[in-house]
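Visitor: One structure follows; several queries about it will come next.
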Amino acid sequence: MARTLNPQLFGPIETPVVNVQPSSQAQNRKLNEIESQVEVLNQKLEKWVQILDGKIQQLHSNQKNLMEQIKNTAENFSKQQALMQSRINERKTAEVKTQELFDRHNQLIHNFEARVSQIQKVSNEQEMKLLSYQSTYDEIL
1309 MARTLNPQLF GPIETPVVNV QPSSQAQNRK LNEIESQVEV LNQKLEKWVQ ILDGKIQQLH
1369 SNQKNLMEQI KNTAENFSKQ QALMQSRINE RKTAEVKTQE LFDRHNQLIH NFEARVSQIQ
1429 KVSNEQEMKL LSYQSTYDEI L
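Each residue of the sequence shown is one higher than the one before, counting from 1309 in the numbering used here.
Next comes the structure, spelled out in structure tokens:
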């Protein structure tokens, strides 16, 4: 139950009414000026919003382009790196083969020198035998 004041004790409650008359020309002019200022501000805000939207879209586009460039650069770098690695591997393989050829060539030369030395030794021995036979033959004759 709500409490209320007894009107018989204090009398009826009157609310004061302020009589405001906005009909004066100065107040109307100020109100119109404020409304026009608000309208100008709204127009400026709309322009700013449009400009900012355009710049945000441009930044988005630039970001996408930059990301694509970064992606393409990374792909190109990966391809070049793979190509360089394959070339390095090919060179290493070629160097190993070349070294094997040199080693084989040196071994063949060493074997050839050993054979030539052996042949010279045999030739010297045979020459000695021949000289021995010659001297024996000469003695016999």
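We treat Cβ as the ideally placed atom computed from N, Cα and C, and that holds for glycine.
These numbers come from a predicted model, not from an experiment.
Going straight from the alpha carbon of L1339 to that of I1364, what length do you get?
Guide: As a working note, residue 1339 is residue 31 in the sequence shown. As a working note, residue 1364 is residue 56 in the sequence shown. Their Cα atoms are separated by approximately 37 Å.
Visitor: Taking the alpha helix (DSSP H) that S1344 belongs to, which residues open and close that run?
Guide: As a first step, residue 1344 must be located in the sequence shown, where it is residue number 36. That run of the alpha helix (DSSP H) goes 1333–1448.
Visitor: Give the straight-line distance between the Cα atoms of K1372 and R1395, rounded to the nearest whole angstrom.
Guide: As a position in the sequence shown, residue 1372 is number 64, starting the count at 1. As a position in the sequence shown, residue 1395 is number 87, starting the count at 1. Spanning the two alpha carbons is a distance of roughly 34 Å.
Visitor: Could you check the C-alpha separation between K1387 and K1400 for me, to the nearest Å?
Guide: The sequence position of residue 1387 within the sequence shown is 79, counting from 1. The sequence position of residue 1400 within the sequence shown is 92, counting from 1. Approximately 20 Å between the Cα atoms of the pair.
Visitor: Distance check for E1376 and N1370, CA to CA, integer angstroms please.
Guide: For the purposes of this step, residue 1370 is taken as residue 62 along the sequence shown, with counting starting at 1. For the purposes of this step, residue 1376 is taken as residue 68 along the sequence shown, with counting starting at 1. C-alpha separation (whole angstroms): 10 Å.
Visitor: Using the Cα positions of V1424 and Q1434, report the straight-line distance between them to the nearest angstrom.
Guide: As a position in the sequence shown, residue 1424 is number 116, starting the count at 1. As a position in the sequence shown, residue 1434 is number 126, starting the count at 1. V1424 and Q1434: Cα-Cα distance of roughly 15 Å.
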